[in-house]
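Shown next, in C-alpha cells, is the structure this report addresses.
Protein chains in written order, with my numbering: chain F, 5 to 106; chain W, 6 to 202; chain L, 1474 to 1566.
Below you can see the structure in the form of C-alpha cells.
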C-alpha cells in the first residue's frame, strides 16, 4: 500500500521492504567518533546554535541510498555540517582549509 | 563540497577546529556533555521501576509526571525532553518505537541501542509488533493487548513493566537488578529467574 | 480549538512532502486515519518551523490512539497504536 503514498524515505513505519529484516539484537558499542558527534550536537543545541529539528531536517535531506548506507552518527555529522554551512556559521572555504589541517 | 564523500574523522576534526576557533563549541564543552550523557544508563530507569513496584505513592507520581519523578531520584533531567511513563497491566503491554528517527528517553535509559535505530525495527514495530518482539523470545499471554507507542514529537516514553511473580518481599536493589533496557522499551518483560533451558 | 480525552479525531490526509522541502512529525501511515484522543500533552514550538529556524508558535500536542489492524489490514484485533500528533494535523471526526 505504501507504493501509493508519497512518503519521505526516513518515514519508515510499516514499510514493506523492511518487514522481513531481522532485528540485530546483539550489543553494539559506540565509538569515540559516535560519542563526540552526539555530544557536539547537544552543545550546539544547548547554545541555541541549531535545534534538534534542524538536525533531523538535515538527516532527512540525505539521499535515500546514502541514508541507509551511512551509520547513525555519519548521518548526524553531515547534517550538522550542512546546517552550519547553510546558516553561514562556517563557510565552505573555512571548512576546506580546516579539513587540510585536521 | 560533497559532504557525503568526506572522511568521517577528518570532517569531525575540521569541525572541532572551526567550532573552537569561532567560540561556538569548545572541546571542554563537548567533553563535559559527553560525560553527562554517559551517566544516563538503563540502571537509572531500572531504579525508578523498582521504586514504583514497592512505593505506590512514587508509582502514582511517576505515571503523573515522569520528569519530576526522575528528578526526585537524583536523575538530571534539565534540558531533557519531558518523560512520559507507560504502565503495563495484566491486560495491556506497551512497545515504544520512533518510526521517523530514533527518539529515546536517554536521560533514564542512556544511548539508544543499535536495534532501536535500525530500519527494520522502525518499520516493523508499528505493523507487526508481535512478530518483532518474538525475536527477543517475548510472547504475550493470551488476552493481552499490545499498544505500540510511536514516539514522534516532544515527549520521550519509557515503559513501566509488570512486576514479576515470585518477587514478593524483595528489596528495591534486588528488583532493580531484574529490570533491563528492553523491558523499558517493551521488547522484553522482566523475569524473576531465567527461563528453564 | 482543542480536543478533550475521548474525542473522535481524524489525521489530515495531507502530503506536504509533495509540495517541497519540509520537516513533519506526522507519520505517513496515519494520514487520513480516524483515532481517539487519549489526552493532551501540552504545547510545544512547532517542529515544522524549528527545522527551518523560523519563529515557531506553540502548538497543542495530543496523544491519539488508533486501531492498529485497521491501519494495516493485518494484526491482532484490539491492538492499538498511540502517537503524538500536533493539533494542526487533527480535525474532528
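Don't be surprised by glycine CBs; every beta carbon is placed ideally from N, CA and C. Only a predicted model underlies this, so the values are computations on that prediction, with no experimental measurement involved.
Would you report the Cα separation of residue i and residue j, rounded to the nearest angstrom?
i	j	result
residue 58(W)	residue 157(W)	28 Å
residue 1524(L)	residue 1564(L)	24 Å
residue 39(F)	residue 39(W)	7 Å
residue 100(W)	residue 153(W)	5 Å
residue 103(F)	residue 1478(L)	54 Å
residue 33(F)	residue 123(W)	15 Å
residue 93(W)	residue 27(W)	49 Å
residue 32(W)	residue 1501(L)	40 Å
residue 25(W)	residue 62(W)	47 Å
residue 164(W)	residue 190(W)	6 Å
On the CB-based measure, 16 or more other CB atoms within 10 Å of its CB, does residue i come out buried or exposed?
i	result
residue 1536(L)	buried
residue 1553(L)	buried
residue 64(F)	buried
residue 49(W)	buried
residue 54(F)	buried
residue 184(W)	buried
DSSP three-state call for residue i: helix, strand or coil?
i	result
residue 84(W)	coil
residue 166(W)	coil
residue 172(W)	coil
residue 98(W)	strand
residue 120(F)	What is shown of chain F runs 5 to 106, which leaves residue 120(F) out entirely.
residue 150(W)	strand
residue 13(W)	helix
residue 53(W)	helix
residue 189(W)	helix
residue 1556(L)	strand
Run down chain W in chain order and give the residues with a C-beta less than 7 Å from the C-beta of residue i.
i	result
residue 28(F)	119, 120 and 123
residue 1549(L)	135
residue 98(F)	23
residue 39(F)	39
What does residue i reach in chain F if we use C-beta pairs closer than 7 Å?
i	result
residue 1543(L)	Those do not exist, as residue 1543(L) stays about 13 Å from chain F at its closest Cβ, beyond 7 Å.
residue 207(W)	The question about residue 207(W) has no answer here: the residues shown for chain W are numbered 6 through 202.
Under 9 Å Cβ-Cβ, which residues of chain F neighbour residue i?
i	result
residue 1488(L)	9, 10 and 11
Can you give me the Cβ contacts of residue i inside the same chain, cut-off strictly under 6 Å, excluding the 5 residues immediately before and after it?
i	result
residue 145(W)	98
What in chain F is Cβ-close to residue i, meaning under 8 Å?
i	result
residue 1491(L)	10
Closer than 7 Å by C-beta to residue i: which residues in its own chain qualify, once you throw out the five before and the five after it? Chain order, please.
i	result
residue 179(W)	none
residue 1541(L)	1548, 1552, 1553 and 1554
residue 130(W)	100, 102, 137 and 153
Residues of chain L with a CB under 7 Å from the CB of residue i: which are they?
i	result
residue 18(F)	1502 and 1545
residue 51(F)	Result: empty, since nearest Cβ-Cβ is about 14 Å, beyond 7 Å.
In chain W, which residues lie less than 9 Å from residue i when you measure between Cβ atoms?
i	result
residue 68(F)	The premise fails here: residue 68(F) is roughly 11 Å from chain W at the closest Cβ pair, so nothing lies under 9 Å.
residue 1484(L)	Neighbours of residue 1484(L) on chain W: none; closest Cβ ~11 Å, over 9 Å.
Go through its chain and collect everything with a Cβ distance to residue i's Cβ below 8 Å, but skip five positions before and after it.
i	result
residue 66(W)	73, 74 and 77
Using a Cβ cut-off of 8 Å, pull out every chain W residue sitting near residue i, in sequence order please.
i	result
residue 1553(L)	150, 151, 152 and 153
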